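Report on one structure; see the data block that follows.
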Amino acid sequence: MTTPTPGSDPNHPQGGTPSDQPGWGAPQPQGYRPAPSYTGGPAGYGAPTGQRPGMVTAAAVIGIVLGALGVLGLFSIGAYFAFDAVLGILNLLAVAAAVVLLVGGIQAIQGKSPRLLLLGSYASIAVQLLTIIWAAVSGWGFVFLGLIGFVLPGLIAFFLRQAQSKQYYASRGIRY
Numbered sequence: 019m020t021t022p023t024p025g026s027d028p029n030h031p032q033g034g035t036p037s038d039q040p041g042w043g044a045p046q047p048q049g050y051r052p053a054p055s056y057t058g059g060p061a062g063y064g065a066p067t068g069q070r071p072g073m074v075t076a077a078a079v080i081g082i083v084l085g086a087l088g089v090l091g092l093f094s095i096g097a098y099f100a101f102d103a104v105l106g107i108l109n110l111l112a113v114a115a116a117v118v119l120l121v122g123g124i125q126a127i128q129g130k131s132p133r134l135l136l137l138g139s140y141a142s143i144a145v146q147l148l149t150i151i152w153a154a155v156s157g158w159g160f161v162f163l164g165l166i167g168f169v170l171p172g173l174i175a176f177f178l179r180q181a182q183s184k185q186y187y188a189s190r191g192i193r194y
């Protein structure tokens with residue numbers, strides 16, 4: 019058996035085997051295409067300006083936790099109505115606001131519009147204000163837990179109204 023001289027084989031103009039040439043490697047299966055490269059981050063985080071700001075994450079997590087705890091108020095509706103009809107109605111409104119906070123927080127974590135979370139925080143603040151006013155008018159005194167109903171939803175609204183939160187959503191084409 020004879021070996022061709024370098025340059026005499028048209029398939030190997032430089033001589034040697036194809037694996038000796040740059041760009042040659044193991045033979046590829048027929049129809050094989052390399053996987054496309056992906057440089058983005060995890061789903062829901064990638065945006066032209068970077069990752070989701072911590073303030074957006076904090077607002078969403080507070081909304082989810084506050085909403086989940088507020089939904090537990092369903093178990094006390096009977097007691098509120100037995101004690102006072104107005105308190106029962108206010109508790110129903112608080113549970114409705116909690117559901118909105120929960121759903122809005124989940125949507126914000128998923129990278130969707132935070133509008134529902136923001137509206138839920140405003141509704142929660144309004145219900146807490148009405149509850150504190152009713153407690154004062156009815157002679158029950160100051161309700162300490164009512165402060166949490168102001169502070170945490172207030173933080174949600176504050177975080178979502180910051181410039182970096184607005185820029186993050188604007189870069190995703192979301193206005194709220």
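Quick note on my numbering: the sequence shown kicks off at 19 and runs consecutively. Just so you know, even glycine gets a beta-carbon here, dropped at the ideal spot from N, CA and C. Here the structure is a predicted model, which is why all the values come from computation and not from measurement.
Between the CA atoms of residue j and residue i - distance to the nearest angstrom
{"i": "Leu90", "j": "Ala103", "result": "19 Å"}
{"i": "Gln82", "j": "Asn109", "result": "Correcting the residue identity first, residue 82 is Ile in this sequence and not Gln. Rounded to whole angstroms, Ile82 to Asn109 spans 18 Å at the Cα level."}
{"i": "Tyr186", "j": "Ala76", "result": "14 Å"}
{"i": "Gln128", "j": "Val169", "result": "24 Å"}
{"i": "Ala153", "j": "Ser183", "result": "36 Å"}
{"i": "Arg133", "j": "Ala78", "result": "11 Å"}
{"i": "Lys130", "j": "Gly122", "result": "9 Å"}
{"i": "Leu137", "j": "Thr149", "result": "18 Å"}
Reduced DSSP secondary structure (H/G/I, E/B, other) of residue i
{"i": "Tyr140", "result": "helix"}
{"i": "Gln202", "result": "Because the chain spans 19 through 194 in this model, residue 202 falls outside it and cannot be assessed."}
{"i": "Trp158", "result": "coil"}
{"i": "Pro60", "result": "Caution is warranted here: a pLDDT of 44 is assigned to Pro60, below 50, making its placement in the model unreliable, and no coordinate value can be reported."}
{"i": "Arg193", "result": "coil"}
{"i": "Gln69", "result": "coil"}
{"i": "Gln128", "result": "coil"}
Among the options, the one whose alpha carbon lies nearest that of residue i
{"i": "Ile174", "options": "Gly72, Gln69 and Ile80", "result": "Ile80"}
{"i": "Ile166", "options": "Leu147, Ser183, Ala100 and Arg70", "result": "Leu147"}
{"i": "Gly73", "options": "Ala181, Leu92, Gly191 and Phe177", "result": "Residue identity check: residue 73 is Met in the sequence provided, not Gly. The option with the nearest alpha carbon to Met73 is Phe177."}
{"i": "Leu120", "options": "Gly85, Gln180 and Lys130", "result": "Gly85"}
Outcome for residue i when other beta-carbon atoms lying within 10 angstroms are tallied against a minimum of 16
{"i": "Gly157", "result": "exposed"}
{"i": "Arg193", "result": "exposed"}
{"i": "Gly191", "result": "exposed"}
{"i": "Leu92", "result": "exposed"}
Query raised in the report: Can at least three beta-carbon pairs, one atom from the segment 136–145 and one from the segment 105–122, be found at a separation below 8 Å?
Result: yes
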